[in-house]
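Going by my numbering, 201 is the number at position 191 of the sequence shown; the sequence numbering is gapless.
Cβ coordinates follow ideal geometry from the N, Cα and C atoms, glycine included.
All values reported here derive from a predicted model rather than from experimental measurement.
In what follows, a structure is listed as structure tokens, so that the remarks can point back to it.
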Amino acid sequence: MLDDLIEEVGKDAVRYFFSANSFDTPMEFDLNLAKQKSNQNPVYYVQYAHARIANIIEKVKNSYITGELKFEKDSLALPGNWQPLTIKAESSKNKGPDYVAGIKNTSNSPADESVEIFEQVFDFLISNNRFDDIKIKNDDEAALAKILILYPDAVSDACNNEAPYMINQYLYRLASQFHYFYKHHRIIDEGRLNIARFKLLLLVRVVLSNAMRLLKISTPVKM
Numbered sequence: 011m012l013d014d015l016i017e018e019v020g021k022d023a024v025r026y027f028f029s030a031n032s033f034d035t036p037m038e039f040d041l042n043l044a045k046q047k048s049n050q051n052p053v054y055y056v057q058y059a060h061a062r063i064a065n066i067i068e069k070v071k072n073s074y075i076t077g078e079l080k081f082e083k084d085s086l087a088l089p090g091n092w093q094p095l096t097i098k099a100e101s102s103k104n105k106g107p108d109y110v111a112g113i114k115n116t117s118n119s120p121a122d123e124s125v126e127i128f129e130q131v132f133d134f135l136i137s138n139n140r141f142d143d144i145k146i147k148n149d150d151e152a153a154l155a156k157i158l159i160l161y162p163d164a165v166s167d168a169c170n171n172e173a174p175y176m177i178n179q180y181l182y183r184l185a186s187q188f189h190y191f192y193k194h195h196r197i198i199d200e201g202r203l204n205i206a207r208f209k210l211l212l213l214v215r216v217v218l219s220n221a222m223r224l225l226k227i228s229t230p231v232k233m
């Protein structure tokens, strides 16, 4: 029966919904909700937040490649070899089978290619930038930062109380605040990158992906 459920709604939905309540609470699995690709489906809502951040990074990359991105170069390190994510075979034929988007591709699966490249780019951004210089300038930025700060406590509480649903609750809260922030604030405005906001979203991605992996939920870069 569980295999049938996984086949119908997917592993991510099953894992999220099964861990969303306390062990002593009767579980009602809403099959229709679990199948929805909408914000009403909590696992879709959380994954969509992750994919949105990946999309923002892609937009920053594309603007950087075309020379249209305006930003203070001393305040943000970007990969010097950034190139378009998809390169036609003839344009890279002289660069060897591992060459994809200016970054070594070790995946044998085309479906995994964009994910692998995204992770390498993200690792560069996290490893080569400072985050202690982020200046919070409005209440929405502060609200997002405060939720990030609460993550270690959320994990600790979930472990101490044997309550994985606390991670679900935290994830949904973080995703909700991010979606609100994304709707009301620009990361790139008239070609200029708001570096503080961009760095803040990079940190949101760190926490989102970490919490999602605790629940063994996939972290899609496109949806």
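Check: According to the Cβ coordinates, are Ile63 and Arg207 closer than 9 Å?; Outcome: no
Check: Can you tell me the Cα-Cα spacing of Asp149 and Leu158, whole angstroms?; Outcome: 14 Å
Check: Out of Asp40, Asn139 and Ile75, which one is the CA nearest neighbour of Asp84?; Outcome: Asn139
Check: Who are the Cβ neighbours of Leu230 in its own chain at under 6 Å, not counting the five residues just before and after it?; Outcome: A quick correction: the sequence has Pro, not Leu, at residue 230. So the list reads Gln57 and Ala61, once near-sequence residues are dropped.
Check: Which term fits Arg25, buried or exposed, when burial requires 16 or more other beta carbons within 10 angstroms of its beta carbon?; Outcome: buried
Check: Within 10 angstroms of the Cβ of Gln187, are there 16 or more other Cβ atoms? Answer buried if so, exposed if not.; Outcome: buried
Check: Report the residue from Gln179, Leu154 and Ala153 whose alpha carbon sits nearest the alpha carbon of Val165.; Outcome: Gln179
Check: For Lys83, name the three-state secondary structure that DSSP assigns.; Outcome: coil
Check: Among the residues of its own chain, which have a CB less than 7 Å from the CB of Val217, if the five just before and after it don't count?; Outcome: Leu158, Tyr161 and Leu184
Check: Tell me, please, which residues DSSP counts as bridged to Arg202.; Outcome: Lys80 and Asp199
Check: Look at the alpha carbon of Asn204 and the alpha carbon of Phe128, and state the distance between them as a whole number of angstroms.; Outcome: 21 Å
Check: Please report the straight-line C-alpha distance between Gly201 and Gly90, rounded to a whole angstrom.; Outcome: 19 Å
Check: Going straight from the alpha carbon of Asn220 to that of Leu213, what length do you get?; Outcome: 11 Å
Check: Rounding to the nearest angstrom, what Cα-Cα distance links Lys21 and Arg223 in this structure?; Outcome: 13 Å
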